[in-house]
Every structure is written in C-alpha cells, then in structure tokens.
C-alpha cells in the first residue's frame, strides 16, 4: 500500500489555479515580498508578523472539474497513492476526499474534492533533486494544460506562471533543483 503525507502548512502552497487569477496572483506575490521585507526580524532569521493571503479571486472549483477527469489525466503519467495523510510532526490523520499521484513524495500532485466529486484545489510538492524530476513535472504540467488554461502559483517563492509558459517554468524548476541540491 502506497501512502503519502503532506504537512498541513504545505496545503496549496504550490497550487494550480484558473489562468484568470494571473494578475491577481502576481500582485499578491509582490505584496507578500514587500511584507516579508518590511517584517524581517533584526537578525534576518524570522519575521515579526504573519501575512495572511486573501482567497483567490476565481477558485479552481468554478471550472467544475470532476475527480474522474483529473484521475484520467494523471493515471498515464503518475502512479496513484492509496492513502493520503496530513497533519504535523508525528500527528497524522487521513486527508478525506483527497487523492495524490506521484512516483515518490518529492514530485506529487494532490487534489481534494467536495461531496459532488468536484475538484476544489490542486496543489503540488516539487522537491526536485534530479533532472528526471524536472522531466516528470513538465509532463504533469503539460497534461494539466492540454485542455485547460491554468496557472501555477508558488506562494512560498512568490512566483506565478501560466502553464503554457514552458521555458520560464523549466527555469523555475531548475532553480528548485539547485536549492534542493545545495
């Protein structure tokens, strides 16, 4: 049985959204960067306040994507995990109405759905350690963008890309690889 865990703080930190959110997300990323710079503690090791993001202007749920649709997109690219858990530290619970696909815990796509099996959120783990991780992520993002106009937002890095922006996304993934290998 393949299980995967995501820390509750990682929920939707790298997320997929409708492309109509692009300008809003770019502005939010800029606000987050400004806030972080203005609230860095004197030692540069932490922050003096917490920035709370507003909800996205256009939720992913407005696309009315079914759980089955996303499963079909993923099944030929990434294997499915049997169980998804969330929590923090040693506390873990099953993440209800949540699915995950990935070769391992480093490159994973998660999605949750409501009682009508409509996707509410899609988020990713992109802990890239090797070139093959970049290739697998490119395939995943390409598959998601085949029929939908979507956006990838990395709130932790304050970056946003349309999924059709292949080269900027590859550069972003390479930067992630450099960080995870340093």
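In our numbering, the protein residues as written are 39 to 220. We put the CB at the ideal spot given by N, CA and C, even for glycine. Just so it is clear, the structure is predicted and the values come from calculations on it, not from any experiment.
Looking at the unbroken alpha helix (DSSP H) that takes in residue 75, where does it start and where does it end? For the purposes of this step, residue 75 is identified with residue 37 of the chain shown, where counting begins at 1. 60 to 76 is the span of the alpha helix (DSSP H), which, as asked, contains residue 75.
Residue 164 versus residue 156: straight-line alpha-carbon distance, rounded: Within the chain shown, numbered from 1, the residue matching residue 164 stands at position 126. Within the chain shown, numbered from 1, the residue matching residue 156 stands at position 118. Distance between the alpha carbons of residue 164 and residue 156 is about 24 Å.
Which term fits residue 172, buried or exposed, when burial requires 16 or more other beta carbons within 10 angstroms of its beta carbon? What you label residue 172 is simply residue 134 of the chain shown in a count that begins at 1. With at least 16 other beta carbons inside 10 angstroms of its own, residue 172 counts as buried.
Using alpha carbons as the reference points, say which of 174, 125, 199 and 154 lies closest to residue 147. Counting from 1 along the chain shown, the entry for residue 147 is found at position 109. Among 174, 125, 199 and 154, the Cα nearest to that of residue 147 is on 174.
Would you please state the rounded distance, in angstroms, between the beta carbons of residue 55 and residue 191? I believe it to be under 8 Å. As a first step, residue 55 is located in the chain shown; it is residue number 17 there, counting from the start. As a first step, residue 191 is located in the chain shown; it is residue number 153 there, counting from the start. The pair is a contact, with the Cβ atoms about 6 Å apart (cut-off 8 Å).
Same chain, Cβ closer than 8 Å to residue 143, neighbours up to 5 away in sequence not counted: As a first step, residue 143 is located in the chain shown; it is residue number 105 there, counting from the start. Here the set comprises 42, 43, 163 and 165.
What three-state label does DSSP hand residue 118 in the structure shown? The count along the chain shown starts at 1 and reaches residue 118 at position 80. Strand.
Would you please state the rounded distance, in angstroms, between the beta carbons of residue 194 and residue 95? I believe it to be under 8 Å. On the chain shown, position 156 is the one that residue 194 refers to. On the chain shown, position 57 is the one that residue 95 refers to. 20 Å between Cβ atoms; not a contact.
When you compare only the Cα positions, how much space is there between residue 212 and residue 134? Stepping through the chain shown from its first residue, residue 212 is reached at position 174. Stepping through the chain shown from its first residue, residue 134 is reached at position 96. Cα-Cα distance, rounded: 33 Å.
Classify residue 202 as helix, strand or coil using the three-state DSSP reduction. To locate residue 202, count along the chain shown from 1; it is residue 164. Residue 202: coil per DSSP, three-state reduction.
Where residue 107 falls: helix, strand or coil (DSSP): On the chain shown, position 69 is the one that residue 107 refers to. In this structure, residue 107 counts as helix in the three-state DSSP scheme.
Taking 8 Å as the threshold, find out whether the stretch 79 to 92 comes into contact with the stretch 108 to 121 through three or more Cβ pairs. Taking 8 Å as the limit for Cβ pairs, the verdict is that the stretch 108 to 121 does not touch the stretch 79 to 92.
Between the Cα of residue 189 and those of 202, 116, 168 and 181, spot the shortest distance and give me the residue it belongs to. Counted from its first residue, the chain shown places residue 189 at position 151. Looking at the Cα atoms, 202 is the closest of the given residues.
Please classify residue 150: is it buried, with 16 or more other beta-carbons within 10 angstroms of its beta-carbon, or exposed? In the chain shown, the residue the question calls residue 150 occupies position 112. Residue 150 should be labelled buried.
Leaving out the 5 sequence neighbours to the left and right, which residues in its chain are closer than 7 Å to residue 131 when beta-carbon positions are compared? The residue you call residue 131 lines up with position 93 of the chain shown. Excluding sequence neighbours, residue 131 sits near 123, 124 and 125.
Roughly how many angstroms lie between the CA atoms of residue 186 and residue 60, to the nearest whole one? The residue labelled residue 186 in the question sits at position 148 within the chain shown. The residue labelled residue 60 in the question sits at position 22 within the chain shown. So the two alpha carbons sit approximately 14 Å from each other.
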